[in-house]
Amino acid sequence: MMYKNQKLSYENKIHIAKDIVEHGLPAKYVAKLYGISVRWAQITAKEYRETGTCIATKEERKA
Numbered sequence: 010m011m012y013k014n015q016k017l018s019y020e021n022k023i024h025i026a027k028d029i030v031e032h033g034l035p036a037k038y039v040a041k042l043y044g045i046s047v048r049w050a051q052i053t054a055k056e057y058r059e060t061g062t063c064i065a066t067k068e069e070r071k072a
């Protein structure tokens, strides 16, 4: 499972988001595939839907 102090690489975040948003896979399946929580997968997909990319860090999100 993915915990708060662990970080996903940008490439993994893009793959997770595309699997959910573009390919229509369920977040639960994608989360299990990448070994992260379902919530992390949902957040990543939401970022991708809203911005068209995945923001890597909280600092970049503020900018």
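Oh and the sequence shown: position 3 is 12 in my numbering, straight run, nothing missing. Ideal Cβ positions, reconstructed from N, Cα and C, are used throughout, including at glycine. Just so you know, these numbers come straight off a predicted model, no measurement behind them.
Boundaries (first-last residue) of the alpha helix (DSSP H) holding residue i
{"i": "T60", "result": "47-60"}
{"i": "L42", "result": "36-43"}
{"i": "H32", "result": "H32 -> no alpha helix (DSSP H), and no H or E assigned at all."}
Supposed close pair residue i, residue j - CB separation, criterion 8 angstroms
{"i": "K37", "j": "C63", "result": "That pair is no contact at about 19 angstroms."}
Under 9 angstroms between C-beta atoms of residue i and residue j
{"i": "I29", "j": "T53", "result": "yes"}
{"i": "I50", "j": "A40", "result": "It is Ala, not Ile, that sits at residue 50 in the sequence shown. A contact, by the Cβ cut-off of 9 angstroms."}
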